[in-house]
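Below you'll find the structure, written out as structure tokens, and then a few comments.
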Amino acid sequence: MEVCSTSTPDRTSISTFTSDDEYMIALYYWYIDIPTQCLDEHCTFHQEVCTNFQLFGRIRVSSEGLNGVLSGKATNLKLYE
């Protein structure tokens, strides 16, 4: 039985040249093996986080990884990161 878990990828942080109350767009992809039985869990997690952080856009969740385009306040995108 595979356990559904996530780990944090190596990535650079959002530019420090923006004010925290500015709106930004984040485009990202993260190649990671996600077991098929965990796809719904990942979708639910990202929906809840984006709702809580008032982020809008789309995130594609597949067994090959994540691909997202989100918009929102810079502060909230940093928290999502």
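In terms of my numbering, the sequence shown is residues 8 to 88.
Note that beta-carbon positions come from the ideal geometry of N, C-alpha and C, so glycine has one too.
Predicted, not measured: the structure shown is a model, and the values here were computed from it.
Per DSSP, reduced to three states, the secondary structure at F60 is coil, with no helix or strand assignment. The beta carbon of E29 sits closer than 6 angstroms to the beta carbons of A81 from its chain, once the five residues preceding and following it are set aside; these are given in chain order.
Nearest to L34 by alpha-carbon distance, out of C45, G64, C50 and C57, is G64.
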